[in-house]
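Numbering (my numbering), first residue to last: 6 to 479.
Heads up, the beta-carbon is just placed ideally off N, CA and C, and yes, glycines get one too.
This structure is a prediction, so every number in the text was calculated from the model and none was measured.
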Amino acid sequence: MMEDMPAEWGKISSREILAAVKGRMISGNPQTRFTGFSSDSRHIDPGGIFWALKGDRFDGHDFVSRAIEQGALGVVVQEVHPSLKESPRVVVISVADTLRALGDLAAWWRRQHTAKVIAITGSSGKTTTKEMTADILQIGTETLKNQGNHNNLIGLPATLLKLTKAHQRAVLEMGMNRRGEIARLTEIATPDVGIILNVGMAHLEGLGTLEGVAKAKTELMDRLPPKAQMVLNGDDDMLMKHAGQFNKKYITFGLRDNNSIRGVNIENRGSEGMGFDLVFNGDTWPICLSVSGLHNVKNALAAAAIAFCLDVPPEHIVKGLGLFTGVKGRFQTIPLKNHILLVDDTYNANPSALQASLVSAAALVPKGGRFLVGLGDMLELGDTAVSAHREAGSRVAGSGASWLFAMGTHADHIKYGALSAGMPEKHIVIVETHDELIMKISREIKTNDTILLKGSRKMQFEKVVEGIRKTDNQ
Ligand code: ADP
């Protein structure tokens, strides 16, 4: 019977989708089979099904007719436009909420497949840990992973819908900016292994306080199926405090002695990367990471912990972590002329990630070299924005940086914090544009300097990285 077979695009019928999403069929043939799914009318598979999602900027319902023109054989909508009733060739399924329905379809799809699902959440390090985990698991098994940071209520279901019979593992990030999202993502993914990397100062706009972040992140623990394995960062006191409230078993990773999976003998090899010994169950394995930063040792321990939960041979862990070459914009070290090192950490920023970055980048500064920091706004901090940017400025001053370049609406607050922490005013430069930042940094840098560039995604500091590289090549 169809229902007992693993779901497979090309074989999935409207009837099955209808049952999975508890929708109402407005028109079309219940036997119609679909070749794929898309919520983006620019990428429609002929023969696929188009999901009309309502976003902040776009409403997928506006693109339904375009999707049909592109060859969609079915559409799922929450508002039925009268013209849809006149297209009998097309399957039209109506649901109360298309986003909810997408999650329901993905949850059903996931249950049709035998792949072990791994869920990774935390305030910082999700994408990096996902990539490291995939590098390990891809040795010897077919592993699905989410693209980029597709980790929300659209990206996670869309990733799950790519599961095929061939996949043995699926590594998924779970992101959120408000309470209830991790709970819902967990319900959709029903993970076999769940991990919380850390609880940090991110998305405070929707969550209020660090306690709020901890509560939101531990929804994963709360909702994980009883048989699933849970992994936590044992060095994160806020996380540990909240995890204790659940009557659930877990294992821990971290640098402290009491963790189940530990990193010891950490060696900072500058821009060459990091070395450390991985300890588990009384055994030790030497690990070579080609990426820098203590935070990446922690991410590697997290990936190793996931692999141990899945009984992956330790030699795969050693090899897979060695294969990892970094993710664009996440603490990538770029050597320039004259022994100058540019640290591209421009992908995103929040106060906890900034702190990790400052510590890791300062550790790369060679003897006699200076540390320069270019910092953009950190967004989504709600009421804490002013204090967080002041704190950021004072942390930059405390990191031993000799120059601070700030850009964005909070540049003055960053400056205030740096000044209060004793940084000389003439070494704090506020700039208005990317070009000005490129020019001022390029003019200031000299032999042996290390420059850290960091800001929230919307600050587009990758343009500054490009500009400085270009100037360096001239
Ligand atoms: P996420 O997917 O959670 O946004 P990423 O792996 O993309 O995290 O890393 C984003 C930034 O967060 C990195 O560039 C780095 O500055 C910081 N970061 C990464 N891992 C950690 C960690 N384990 N702890 C603290 N900060 C981290």
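Residue i versus residue j - alpha carbon distance
i: Glu-8; j: Ala-124; result: Reliability fails at Glu-8, whose pLDDT of 43 lies under 50, so the model's placement of it is uncertain and no value is given.
i: Phe-258; j: Glu-147; result: 25 Å
i: Ala-25; j: Pro-319; result: 39 Å
i: Arg-261; j: Lys-463; result: 35 Å
i: Met-6; j: Ala-12; result: Confidence in Met-6 is poor, its pLDDT being 36 and thus under 50, which makes the residue's placement unreliable; the coordinate value appears in the next sentence. Cα to Cα, the separation comes out at about 12 Å.
i: Met-383; j: Leu-78; result: 43 Å
i: Ile-345; j: His-439; result: 20 Å
i: Gln-36; j: Arg-116; result: 22 Å
i: Leu-409; j: Gln-360; result: 15 Å
i: Thr-476; j: Gln-75; result: 45 Å
i: Lys-468; j: Ala-416; result: 18 Å
i: His-208; j: Asp-241; result: 18 Å
i: Tyr-421; j: Asn-353; result: 22 Å
i: Val-82; j: Leu-142; result: 37 Å
i: Leu-347; j: Gly-381; result: 16 Å
i: Phe-217; j: Asp-316; result: Per the sequence shown, the amino acid found at residue 217 is Gly instead of Phe. In a straight line, the C-alpha of Gly-217 is about 34 Å away from that of Asp-316.
i: Phe-39; j: Lys-167; result: 13 Å
i: Gly-398; j: Asp-50; result: 49 Å
i: Leu-229; j: Val-176; result: 15 Å
i: Thr-126; j: Lys-222; result: 7 Å
i: Ile-22; j: Ala-112; result: 12 Å
i: Val-85; j: Ser-99; result: 7 Å
i: Ile-311; j: Glu-186; result: 22 Å
i: Leu-58; j: Ala-194; result: 20 Å
i: Ser-265; j: Val-122; result: 22 Å
i: Lys-459; j: Asn-203; result: 20 Å
i: Phe-68; j: Leu-104; result: 16 Å
i: Ile-473; j: Glu-437; result: 16 Å
N-terminal and C-terminal residue of the alpha helix (DSSP H) that residue i is part of
i: Gly-327; result: 319 to 328
i: Ile-193; result: 186 to 194
i: Gly-398; result: 390 to 403
i: Arg-116; result: 103 to 116
i: Pro-162; result: 160 to 165
i: Ser-357; result: 356 to 367
i: Ala-72; result: 69 to 74
i: Thr-133; result: 131 to 142
i: Ile-419; result: 416 to 425
i: Ile-473; result: 467 to 478
i: Asp-227; result: 224 to 228
i: Leu-209; result: 209 to 212
Whole-angstrom C-beta distance between residue j and residue i, which should lie under 8 Å
i: Ala-358; j: Ile-200; result: Actually they do not touch by this definition, with Cβ atoms about 18 Å apart.
i: Asn-453; j: Gly-374; result: 3 Å
i: Ile-292; j: Leu-326; result: 5 Å
i: Gly-268; j: Leu-283; result: 6 Å
i: Arg-62; j: Ser-46; result: About 14 Å; that fails the 8 Å criterion.
i: Met-206; j: Ala-393; result: 7 Å
i: Phe-313; j: Phe-336; result: Actually they are not in contact, since the Cβ atoms of Phe-313 and Phe-336 sit about 25 Å apart, beyond 8 Å.
i: Ile-54; j: Phe-42; result: 6 Å
i: Thr-351; j: Phe-466; result: 4 Å
i: Ile-484; j: Leu-442; result: The question about residue 484 has no answer here: the residues shown for the chain are numbered 6 through 479.
i: Val-401; j: Thr-133; result: Going by Cβ atoms, the distance from Val-401 to Thr-133 rounds to 23 Å, so no, they are not a contact pair.
i: Glu-449; j: Leu-377; result: 7 Å
i: Ala-188; j: Asp-140; result: No, Ala-188 and Asp-140 are not in contact; Cβ-Cβ is about 29 Å, not under 8 Å.
Extent of the continuous beta strand (DSSP E) run through residue i
i: Asp-282; result: 279 to 285
i: Ser-32; result: 29 to 32
i: Leu-458; result: 455 to 459
i: Asp-61; result: Segment: none, Asp-61 is in no beta strand (DSSP E) and carries neither H nor E.
DSSP beta-bridge partners of residue i
i: Ala-411; result: Leu-380 and Ile-435
i: Val-150; result: Position check: residue 150 holds Lys in this sequence, whereas Val was assumed. DSSP, once it has assigned bridges, lists Val-176 as partnering Lys-150.
i: Pro-340; result: Leu-346
i: Phe-258; result: Asn-238 and Ile-266
i: Trp-56; result: Val-81
i: Phe-42; result: Ile-54
i: Gly-199; result: Ala-124 and Met-235
i: Ile-98; result: Met-30 and Val-81
i: Lys-16; result: Lys-16 is not bridged to any residue.
i: Ile-311; result: DSSP, once it has assigned bridges, lists no residue as partnering Ile-311.
i: Glu-272; result: Gly-280
i: Thr-119; result: Answer is none; Thr-119 lacks a bridge partner.
i: Asp-494; result: With the chain covering 6 to 479 only, the question about residue 494 has no answer from this structure.
i: Leu-294; result: Met-279
C-beta neighbour in chain B for residue i, strict 9 Å
i: Asn-355; result: Going by chain labels, chain B is absent from the structure shown, which holds only one protein chain.
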